[in-house]
Amino acid sequence: MTVANSMVSGPVTEAMLPRPFRVISHRFETPDTVTLELEPDDGADLSFAPGQFTMLYVFGVGEVPISISGDPHRPEILVHTVRSVGAVTAAIAGLGIGDRVGIRGPYGVGWPVGHAEGRDLVVVAGGIGLAPLRPVVYDVIARRDRFGAVSIVYGSRSPIDLMFQEELHSWRSRFDLQIEVTVDRSDESWFGDVGVVTGLLPRIPFDPERAVAMLCGPEIMMKVVANELETRGVAPENVYVSVERNMKCAIRFCGHCQFGSDFLCRDGPVLAYAQVSDRLRVPEL
Amino acid sequence: MSQVVVDRGDIGTLFEILASDGYTILGPRVRDEAIVYDQVRGVDDLPIGWTDEQEGGAYRLVARDDQALFGYAVGQHSWKKFLFPPRTTLLEVKRDNGSLEFVQHEVPETRYAFLGVRACELAAIAIQDKVFLGSGEVDHTYQTARRDGFTVAINCMVAGGTCFCVSMGTGPRCTSGYDLVLTEVIDSDRHEFVFEAGTEAGQSVVQRLPGRVASDHDVVRVDRIVETTAASMGRSMDNTGVKELLLANLEHPRWDDVAERCLACTNCTLVCPTCFCSTIEDSVTLDGEVATRSRRWDSCFTFDFSNLHGVPVRSTTKSRYRQWMTHKLATWYDQFGSSGCVGCGRCITWCPVGIDITAEVAAIRASQEVTA
Amino acid sequence: MNLRSIREKSELLTRLSNTELDLFESVSSKVQLADGEILFEEGGVADSFFTIVSGRIGLELTSPGRAPVSIQTLGPGELVGVSWFFDPYRWNWRARALGDTHLVAFDAVAIRQKCEVDRDLALEVLGVVAEEAVRRLHRTRIQLLDLYRSS
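Residue numbers (the working numbering), protein chains in the order written: chain Z, 134 to 418; chain P, 93 to 464; chain U, 444 to 594.
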């Protein structure tokens with residue numbers, strides 16, 4: 134039957150077959166969030182673009198999509214920051230040094246860092262949303278002269294939920310970027326900002342006509358921030374969000390990650406706000 | 093490609109040729125009071141003398157007053173049952189002293205001859221070709237089954253009670269995607285099959301069939317049969333601008349209306365020949381040494397299909413019905429360049445409450461015309 | 444003091460006409476606080492209101508036996524105080540400087556008196572205060588959603 138042969142676009146790949154990786158370090162960022170560093174058994178670096186994710190498999194438990202949270206300039210170590218919310222992520226949080234997992238990927242469309250070159254960059258993260266954005270910050274710092282004013286705004290639930298505290302301090306100590314951190318609710322130890330991330334936007338320097346914004350966090354937060362940025366003159370075409378949906382295969386076959394016409398594993402998860410704002414307004418789309 | 097007419101008495105030769113060429117022949121047969129697709133070894137396995145009566149939420153077999161071999165429309169099975177099996181093992185994971193070994197499961201060699209593929213089904217297979225073979229990754233199981241298969245198509249001699257292939261531009265005449273197409277002709281003085289090859293492989297079979305060259309009269313007779321079928325469709329759907337229509341009406345009250353009726357039973361997705369959603373399941377041997385990952389059919393109608401951190405994004409039946417229908421008729425165009433619907437009518441017949449996709453579209457369209 | 448130099452950066456002053464700005468200037472004064480200094484106390488008389496020039500103000504609630512907890516932080520350009528415009532003219536929170544903070548203070552009593560006789564001015568000021576209150580409400584509602592918690 135010749136019809137099928139003509140449709141084959143490339144070699145058949147074992148696309149659902151993971152590669153074994155070994156946990157080389159494990160640290161709790163917050164009570165329910167863990168950062169793992171992983172090395173591949175076969176030694177082949179996992180090169181990735183900021184914003185991409187892998188499918189992480191735990192023996193006998195299952196497989197979940199996890200954003201890569203490491204440095205794209207150091208692909209020899211795969212870094213994942215995982216929040217324990219279900220059976221698989223709880224199992225991931227419970228892994229120890231030397232344990233093995235399966236990794237497929239990287240998948241997805243990442244953050245448009247190239248588009249931000251020559252422009253001001255505004256990175257806004259809420260909660261665990263800082264994890265998929267951290268690779269952007271690493272990349273920008275490594276090539277700092279290519280960008281205009283760079284600002285990071287990070288909102289967290291409370292002081293104990295702040296992630297990447299060492300990085301936050303190190304970024305804060307730099308003179309070539311501005312970082313503002315806020316919490317929704319504080320405790321007696323906190324002398325920083327209290328309130329939502331939108332309250333910090335007036336503090337950061339950017340030229341709205343030429344800025345690129347990258348937002349990651351709960352959908353409500355991304356909508357509120359995108360709207361606030363638009364009020365301040367940033368066009369929705371220059372605001373990027375990371376949309377999250379259920380994923381099973383990550384290779385455009387299973388149908389779970391559909392968001393309107395987009396398959397988020399292939400057409401996302403990063404999308405321009407101008408492309409998604411209508412869809413985000415429809416409940417349960 | 094030449095057309096050959098084979099007499100009813102000689103039609104068994106088709107089975108002999110395909111079997112000797114090493115094919116497992118899959119075709120229609122009666123089981124549990126319906127016509128299903130399964131292995132058929134000879135003419136006697138076919139639903140001789142049967143036809144089907146189909147309506148929204150209703151299907152039954154009725155005896156014909158002739159001995160036609162293919163005198164019915166389609167049942168609840170579609171060919172995706174073989175090309176995209178309901179359950180497939182993908183890989184095994186062996187755990188040994190802390191290390192993991194991932195082993196791809198071998199895809200079994202299959203050599204299927206599909207006997208009795210309707211025009212709507214050819215269109216559905218072409219659509220699933222785009223899904224599973226079309227871009228980037230290729231589905232190994234689907235590709236293997238397609239590559240080594242043989243397709244004997246049929247021009248329908250009856251239209252089903254819920255059929256609307258004419259509206260969708262997919263039938264009833266078979267125009268491409270087959271190795272052989274046949275049309276069953278029954279008159280008072282003859283019972284014959286007009287065969288036409290579509291490929292060289294088909295031509296090789298035609299040459300071995302005992303028959304006579306088709307005459308102009310035979311060709312005209314086939315045209316008449318196709319025209320009659322086309323004129324007796326059970327349903328119709330105005331498909332113009334349906335993508336824009338549905339995507340502009342995502343919060344139309346009609347979705348609440350259909351949600352009152354829909355049971356989210358997933359029948360429509362099971363019987364639809366183009367639905368392709370799946371999920372991946374994990375299991376482990378009792379001694380914990382070997383884990384398996386398998387793929388099985390899934391449906392966007394299930395409650396946890398859209399789970400995000402344990403909570404469904406589409407928690408209401410309304411949102412799930414909307415997802416299914418807008419995917420099938422609207423977003424499919426953006427994803428794969430065509431409609432996802434071929435007008436086979438299965439979703440209408442097999443819906444326990446008779447929800448009719450053509451009526452749902454018509455209702456939304458009508459309300460727009462009133463307000464416009 | 445000359446408010447025109449900070450006008451653009453102040454959410455309050457940027458909305459005032461030139462005449463109104465002159466009036467506000469006439470009842471203004473500079474305030475400078477070191478880190479940790481109290482701007483006003485919970486329950487105190489609200490006879491001033493402020494715009495932050497630099498630094499930050501944390502709004503706090505105190506309770507016996509506990510260190511105070513900040514519930515919201517205001518930054519440069521933001522208006523501090525809405526209670527001064529409404530009876531009983533008392534502060535609901537304590538306000539404390541976080542880091543060295545410079546503010547401009549306005550005489551609330553004088554502005555209220557002017558609003559009594561000049562209803563156009565009253566409408567203008569009410570508009571500014573109400574808009575600020577709505578924005579705070581909106582942000583507080585988002586804060587209440589506890590968006591970052593585990594589901």
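Ideal Cβ placement from N, Cα and C applies to all residues, glycine included.
Option in the options with minimal Cα separation from residue i
i: serine 158/Z; options: Glu209/Z, Gly176/Z, Thr222/Z and Gly229/Z; result: Gly229/Z
i: glutamate 170/Z; options: Pro183/Z, Arg318/Z, Asp320/Z and Arg207/Z; result: Arg207/Z
i: methionine 329/P; options: Cys255/P, Arg239/P and Asp240/P; result: Cys255/P
i: cysteine 360/P; options: His169/P, Leu225/P, Gly228/P and Gly253/P; result: His169/P
i: glutamate 377/Z; options: Ala359/Z, Thr364/Z, Trp304/Z and Phe186/Z; result: Phe186/Z
i: leucine 110/P; options: Gly241/P, Ser375/P, Arg123/P and Val314/P; result: Gly241/P
i: alanine 251/P; options: Val334/P, Arg133/P and Gly326/P; result: Gly326/P
i: threonine 505/U; options: Phe483/U, Ala477/U and Ser497/U; result: Phe483/U
i: aspartate 278/Z; options: Arg267/Z, Val215/Z, Ser289/Z and Asp253/Z; result: Asp253/Z
i: tryptophan 442/P; options: Ala165/P, Gln146/P and Thr180/P; result: Gln146/P
i: valine 283/Z; options: Gly262/Z, Arg305/Z and Phe297/Z; result: Arg305/Z
i: methionine 249/P; options: Ala323/P, Asn341/P and Asn399/P; result: Ala323/P
i: aspartate 411/Z; options: Asp400/Z, Cys398/Z, Ser394/Z and Arg399/Z; result: Ser394/Z
i: threonine 585/U; options: Pro151/Z, Asn379/Z, Asp175/Z and Gly288/Z; result: Reading off the sequence shown, one finds isoleucine at residue 585/U, where the question assumed threonine. Considering only alpha carbons, the answer is Gly288/Z.
i: arginine 316/P; options: Val98/P, Pro302/P, Glu276/P and Val298/P; result: Glu276/P
i: arginine 179/P; options: Pro404/P, Cys257/P, Tyr234/P and Glu193/P; result: Tyr234/P
i: glycine 261/P; options: Asn331/P, Arg282/P and Ala155/P; result: Asn331/P
Local conformation of residue i per DSSP, three classes
i: tryptophan 424/P; result: helix
i: cysteine 558/U; result: helix
i: threonine 394/P; result: coil
i: valine 453/P; result: helix
i: arginine 207/Z; result: coil
i: asparagine 371/Z; result: helix
i: proline 144/Z; result: Residue confidence is low: proline 144/Z scores 31 on pLDDT, short of 50, so the model does not pin down where it sits. Its coordinate-derived value is still stated next. Three-state result, proline 144/Z: coil.
i: asparagine 399/P; result: strand
i: glutamate 461/P; result: helix
i: arginine 578/U; result: helix
i: valine 136/Z; result: Confidence at valine 136/Z is low in this model, with a pLDDT of 38, below 50, so its placement is unreliable and no value can be given for it.
i: isoleucine 495/U; result: strand
i: isoleucine 157/Z; result: strand
i: glycine 238/Z; result: strand
i: glycine 269/P; result: coil
i: phenylalanine 483/U; result: strand
i: glutamine 235/P; result: helix
i: valine 215/Z; result: strand
i: aspartate 563/U; result: helix
Residues bridged to residue i [DSSP beta-bridge criterion]
i: lysine 473/U; result: Val547/U
i: isoleucine 500/U; result: Leu517/U and Ala540/U
i: glutamate 276/P; result: Phe285/P
i: aspartate 240/P; result: Note: aspartate 240/P sits in no beta bridge, so no partner.
i: threonine 187/Z; result: Ile199/Z
i: glutamate 172/Z; result: Arg155/Z
i: leucine 153/P; result: Asp144/P
i: glutamine 131/P; result: Leu118/P
i: valine 233/Z; result: Just to set this straight, residue 233/Z is arginine in the shown sequence, not valine. Beta-bridge pairing links arginine 233/Z to Arg155/Z.
Open item on the list: Whether or not the segment 328-343 of chain Z and the segment 291-299 of chain Z are in contact is what I'm after, with contact meaning three or more pairs of Cβ atoms, one per stretch, closer than 8 Å; do they touch?
Closed with: Verdict: no, contact absent.
Open item on the list: Below 8 Å, how does it come out for the segment 488-501 of chain U and the segment 449-456 of chain U: are there three or more Cβ pairs, yes or no?
Closed with: Output reads yes: the segment 449-456 of chain U touches the segment 488-501 of chain U.
TODO: Return the chain-ordered ranges of every alpha helix (DSSP H) run that is complete within the segment 297-336 of chain Z and spans a minimum of 4 residues.
DONE: When DSSP assignments are scanned along the segment 297-336 of chain Z, the uninterrupted stretches of alpha helix (DSSP H) that are 4 or more residues long and fall wholly within it turn out to be 298-305.
Open item on the list: Please give the ranges of any beta strand (DSSP E) in the segment 160-221 of chain P, keeping only runs that are unbroken, at least 3 residues long and fully inside the region.
Closed with: Qualifying beta strand (DSSP E) stretches, in chain order: 179-188, 191-196 and 204-209.
- [ ] Kindly provide the ranges of any beta strand (DSSP E) runs that are 3 or more residues long and lie completely inside the segment 508-550 of chain U, ordered along the chain.
- [x] Taking 3 residues as the shortest admissible run, the segment 508-550 of chain U contains the following complete beta strand (DSSP E) segments, listed from N- to C-terminal end: 509-517 and 537-550.
Open item on the list: Three or more C-beta pairs under 8 Å: does that hold for the segment 299-311 of chain P against the segment 180-192 of chain P?
Closed with: Contact fails: fewer than three Cβ-Cβ distances are below 8 Å.
- [ ] Decide if the segment 532-552 of chain U is in contact with the segment 467-487 of chain U; the criterion is three or more beta carbon pairs, one per stretch, under 8 Å apart.
- [x] Cβ pair count under 8 Å is three or more, so yes.
TODO: Please determine if the segment 368-380 of chain P and the segment 378-393 of chain Z are in contact, where contact requires at least 3 C-beta pairs separated by less than 8 Å.
DONE: With the rule of 3 Cβ pairs closer than 8 Å, the segment 368-380 of chain P counts as touching the segment 378-393 of chain Z.
Task: Meets three-Cβ-pair contact criterion under 8 Å: the segment 175-186 of chain Z and the segment 253-271 of chain Z - done: Because the criterion of three Cβ pairs below 8 Å is met, the segment 175-186 of chain Z and the segment 253-271 of chain Z touch.
Open item on the list: With three or more beta-carbon pairs closer than 8 Å as the criterion, would you say the segment 443-461 of chain P touches the segment 164-180 of chain P?
Closed with: No: the two stretches stay apart, fewer than three of their Cβ pairs being nearer than 8 Å.
Open item on the list: Does the segment 314-328 of chain Z come into contact with the segment 228-246 of chain Z, if we say contact requires no fewer than three beta-carbon pairs (one atom in each stretch) closer than 8 Å?
Closed with: Contact fails: fewer than three Cβ-Cβ distances are below 8 Å.
- [ ] Kindly confirm or deny that the segment 224-244 of chain P and the segment 191-207 of chain P touch, where touching means at least three C-beta pairs closer than 8 Å.
- [x] Yes: the two stretches touch, three or more of their Cβ pairs being nearer than 8 Å.
Task: Complete runs of the beta strand (DSSP E) confined to the segment 347-410 of chain Z [at least 3 residues] - done: Restricting attention to beta strand (DSSP E) runs no shorter than 3 residues, the segment 347-410 of chain Z encloses them at 372-375 and 403-405, ordered along the chain.
Open item on the list: Is it the case that the segment 435-450 of chain P contacts the segment 392-399 of chain P, given that we only count it when at least three CB pairs across the two stretches are under 8 Å?
Closed with: The segment 392-399 of chain P vs the segment 435-450 of chain P: no contact.
TODO: Ignoring anything shorter than 3 residues or poking outside the segment 344-393 of chain P, list the beta strand (DSSP E) runs there in chain order.
DONE: Segments of the beta strand (DSSP E) lying fully in the segment 344-393 of chain P: 370-376 and 382-389.
- [ ] Please specify which runs of the beta strand (DSSP E), each continuous and at least 3 residues long, are wholly inside the segment 246-293 of chain Z, giving them in chain order.
- [x] Listed in chain order, the complete beta strand (DSSP E) runs (minimum 3 residues) inside the segment 246-293 of chain Z are 254-259 and 283-289.
Open item on the list: Going residue by residue through the segment 102-128 of chain P, where are the continuous alpha helix (DSSP H) segments of at least 4 residues, counting only ones entirely within it?
Closed with: Here the runs fully enclosed are 104-112.
TODO: Jot down the residue ranges of each uninterrupted beta strand (DSSP E) in the segment 316-343 of chain P, minimum 3 residues, whole runs only, in chain order.
DONE: Here no run is fully enclosed.
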